[in-house]
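*Asks:*
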Amino acid sequence: MPAIIIDGRSIALKVREEARVRAAALRGRGIIPCLAVILVGEDPASISYVTGKEKALAEAGMEGRDIRLPESAGEGELLSLIGKLNEDKSVHGILVQLPLPPHISEDRVITAIDPAKDVDGFHPVSVGNMVLGRRCFIPCTPNGVLRLLRETGINTQGSRAVVLGRSAIVGKPLSILLARREVNATVTLCHTGTKNLGEITRQAEILIAACGKPGMVSADMIKPGAAVIDVGVNRISDPSKKSGFRLAGDVDFRAVREKAGWITPVPGGVGPMTIAMLMLNVVEAAEVWV
Ligand code: BQF
3 MPAIIIDGRS IALKVREEAR VRAAALRGRG IIPCLAVILV GEDPASISYV
53 TGKEKALAEA GMEGRDIRLP ESAGEGELLS LIGKLNEDKS VHGILVQLPL
103 PPHISEDRVI TAIDPAKDVD GFHPVSVGNM VLGRRCFIPC TPNGVLRLLR
153 ETGINTQGSR AVVLGRSAIV GKPLSILLAR REVNATVTLC HTGTKNLGEI
203 TRQAEILIAA CGKPGMVSAD MIKPGAAVID VGVNRISDPS KKSGFRLAGD
253 VDFRAVREKA GWITPVPGGV GPMTIAMLML NVVEAAEVWV
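For the sequence shown, our numbering begins at 3 and goes up steadily by one.
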């Protein structure tokens, strides 16, 4: 029997509805949750991500303060903008769309954000709090993966979870979150230095692909019945499309769906959950002030 295809869009809509209800309660007390979204330059993928975030904010009854800087903007300019937004009481969250142009240090920019407004959860203070299991903003994509597993009823307790990819935004935080007591998976983090990858992935009841290599996860790497979560969002050039590209995940979907128990599609799997979890973090940032 082929895998159950997890509908990330519908689970994301449910989460966004929860954010809308909480935002409406704040509005009744005179607070409109506000996220400042900063985009530097004109990378088409970044523009589409920012547009999607602003649309979701509007639909949840929240404010998106759209700030666009030219590609030529200097690091100092961005740092002073963040300083002003940190002081602005009407701004609850600050999001800098990544990647930044190469002449700007992402590290210095992220570190300049007030951790109380760090709804992406990328600030070193947020990362530290996350590792320690303290209350903090959890990065949206890892949190979206956890929510997807929970909403789908996939057992994590005592399960073997294998994460492919050690990025600071997905693989590394996700491996830590999966090992939390309330999730209780036994986690293996694989990366470009991993030997005998297939031997390891074939033990996974939960396999998370976040390696950024389109179609890298093949059917022979899957334990029959496993939950396969595809975090990959790779743009593949496709002249037959109006946009000139299609999205492909890190998983060979057609082959793996025949062997897995659950699988997330790309698009329509983890991506929409990322946006939904961002909406929860923004409403949470505003609730702190109530
Ligand atoms: C979908 C991102 C790499 C680098 C920087 C929905 C998104 C993507 C896909 C989205 C991503 C990826 C975001 C789908 C935000 C996820 O339907 O499958 C939504 O907007 N994402 C980002 O802001 O920066 C990135 C990937």
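Using N, Cα and C, we set each Cβ at its ideal position, and we do this for glycine too.
Keep in mind the model is a prediction, meaning the values are calculated, not measured.
Beta carbon of residue 202, beta carbon of residue 228: below 9 angstroms?
*Replies:* No, Cβ-Cβ distance for residue 202 and residue 228 is not below 9 angstroms.
*Asks:* Near residue 144, which residues of its chain fall below 7 angstroms by C-beta distance, leaving aside the five closest residues on each side in sequence?
*Replies:* Excluding sequence neighbours, residue 144 sits near 172, 175, 176 and 179.
*Asks:* Buried or exposed: where does residue 132 fall if 16 or more other Cβ atoms within 10 Å of its Cβ makes it buried?
*Replies:* Answer is buried; the Cβ neighbour count reaches 16.
*Asks:* Taking the alpha-carbon positions, what's the residue 279 to residue 16 distance?
*Replies:* Their backbone Cα atoms lie some 11 angstroms apart in a straight line.
*Asks:* Where does residue 65 land, buried or exposed, given buried means 16+ other C-beta within 10 angstroms?
*Replies:* Buried: at least 16 other Cβ atoms inside 10 Å.
*Asks:* Where does residue 139 sit, in a helix, a strand or coil, going by DSSP?
*Replies:* Three-state DSSP puts residue 139 in coil, outside helix and strand.
*Asks:* Taking the alpha-carbon positions, what's the residue 212 to residue 92 distance?
*Replies:* Approximately 35 angstroms, taken between the alpha carbons.
*Asks:* Buried or exposed: where does residue 94 fall if 16 or more other Cβ atoms within 10 Å of its Cβ makes it buried?
*Replies:* Burial call: buried.
*Asks:* Measure the CB-CB distance between residue 273 and residue 250 and report whether it falls below 9 angstroms.
*Replies:* No, these two residues do not count as a Cβ contact at 9 angstroms.
*Asks:* Can you grab the Cα-Cα spacing for the pair residue 234 / residue 31, in whole Å?
*Replies:* Approximately 40 angstroms between the Cα atoms of the pair.
*Asks:* Count the other C-beta atoms from every protein chain shown that fall within 10 angstroms of the C-beta of residue 170, then say buried if there are 16 or more, exposed otherwise.
*Replies:* Label assigned to residue 170: exposed.
*Asks:* Under 8 angstroms: does the beta carbon of residue 123 sit that close to some heavy atom of the ligand BQF?
*Replies:* No; taking the cut-off as 8 angstroms, the Cβ of residue 123 has no heavy atom of the ligand BQF nearer than that.
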